[in-house]
Amino acid sequence: MGKSDDDYDEDNNDIEKKSKNKRHRKDKPWDNDSIDHWKIEPVTPEEGLGAPIEESSFATLFPKYREKYIREMWPLVTRSLKKYGIDCELNLTEGSMTVKTTRKTWDPFIIMKARDLIKLLARSIPVQQAMKILEDEMYCDIIKIKNLVRNKERFAKRRQRLIGPNGATLKAIELVTDCYVMVQGNTVSVMGNITGLKRVRNVVLDCMNNVHPIYNIKKLMIKKELADNPDMQDTNWDRFLPQFKKKNVKRKKKPIIKKKEKTPFPPAQTPRKVDLELESGEYFLNKTQKEARKQKEKAAENLEKKTEKLQKRAQEFVAPKEEGRKRQADAPTTSDEVTRISKKFKSQKQEKVKVERQPSEYIQ
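Under this note's numbering, residues 1 to 364 are what the sequence shown spells out, in order.
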């Protein structure tokens, strides 16, 4: 079936509307959907961007223990930076490294990369690894962890927790985030892509805030597997991620130590040996009297010890207490037996009195 007149009128109206919206727009042959606007295109010396008008320079201090290594590796650094037209200086008296642009610099952003290079060298990263920062898709981040924990012992424990036994935890973080991580002193140096730097920063900050790195490593492993699966690109991943609950661990309460009252007066002076002898009267005794007194005290102590020993020996010969026989339920109590025996003796006396006769009865 063909189109009616009304259908043709609607199509013409749509074309007129589109033309009105794009009335001032022109075709751009250099811009189409196949171009990735976020892609970082490499800069080559053949493009000829021109030398910088002003000189830019950056300087960084390095610790004393890195002086020997940097001095040995400095020729390698100068050769690698000379390719990009960057001049570098090493000042051993001040302990500093300086990089600056020259008239031969053909990459405008390379001075920022050179600044990162000397920073990484100062943070104990090997030269071979630090030289990778000059690549286009390589970035670095230096995380300061010194002021995150006040207590020194707690800070050392959490930093060691980040490294793990034999560096196992640090190696797992590197594998999950595709970054190079170096823990040195009060900083954590990271090298990698931008997404990896963000993930490592989150793991480090959580670790210093008393969240073990293993929890974040588990989440990152699951995210990495889901990212490789094309069917899970447009779905929500929350149901796959583990949900960890906080547990309140009971801790031992520290004993409350009462503080002593502070007084402005000094403590009482401890008595000397002479003062104690004056109080006891021993100071005024002769040598013979002092010896006799000591002998009496020793004799009294020996006597006390002897009596204690004799008492202990005597206790061995004391017979143990025998348990009495159990009384029967119908057996009379002691008080009833006493009354019964007393009545019996009284009745016997009365009978004897009755039986006794007078002597006149025996006289005939």
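Glycine included, each C-beta is placed from N, C-alpha and C at the ideal position. On a predicted model such as this, the values are computed, not experimentally measured, just so you know.
In the DSSP assignment, the residues bridged to E89 are T98. If you draw a straight line from the Cα of I257 to the Cα of R251, it comes to about 18 Å. With a 10 Å radius around the Cβ and a threshold of 16 neighbouring Cβ atoms, Y180 comes out buried. Close CB contacts of L117 within its chain, under the 6 Å cut and outside five residues either way in sequence, are with A130, I133 (chain order). Looking at L121, W38, D107, the one whose alpha-carbon comes closest to that of I53 is D107. Exclusion of the five residues before and after P267 leaves no residue of its chain whose Cβ lies closer than 8 Å to its Cβ.
Residue state for D141 is assigned as strand, using DSSP reduced to three classes.
In the DSSP assignment, the residues bridged to G192 are Y139.
Taken in chain order, the whole alpha helix (DSSP H) runs of length 4 or more contained in the stretch 218-295 are 273-280. In the same chain as L170, and ignoring 5 residues on each side of it, the C-beta atoms closer than 8 Å to its own belong to L162, I163, G164, V181, V183, in chain order. Cβ atoms of G85 and T102 come within 8 Å of each other, at about 5 Å.
With a 10 Å radius around the Cβ and a threshold of 16 neighbouring Cβ atoms, T177 comes out buried.
Per the coordinates, the alpha-carbon of P126 lies some 41 Å from the alpha-carbon of R239.
Assigned with DSSP and collapsed to three states, A51 falls in coil, not helix or strand. CA-to-CA, the gap between G192 and F62 works out to about 23 Å.
Boundaries of the beta strand (DSSP E) harbouring T60: 57-61, taken from the DSSP string.
Shortest Cα-Cα distance from R79 to any of M221, D33, A114 involves A114. Exclusion of the five residues before and after A292 leaves no residue of its chain whose Cβ lies closer than 6 Å to its Cβ. Residue burial annotation: G196 is buried, with at least 16 other C-beta atoms found within 10 angstroms of its C-beta.
Residue pairing by DSSP places Y180 opposite M191 in a beta bridge. Under the 10 Å beta carbon count, N216 is surrounded by 16 or more other beta carbons and is classified as buried.
Pairing T187 with I214 gives a Cβ-Cβ distance that is not under 8 Å. Taking all protein chains shown into account, K219 has 16 or more neighbouring C-beta atoms within 10 Å of its C-beta and is therefore buried. Taking C-alpha positions only, F109 is separated from A51 by approximately 12 Å. In the three-state DSSP reduction, A319 falls in the coil class, being neither helix nor strand. I40 sits exposed, since fewer than 16 C-beta atoms from the chains shown fall within 10 Å of its C-beta. If you check the CB distance, V99 and L76 do not come in under 8 Å.
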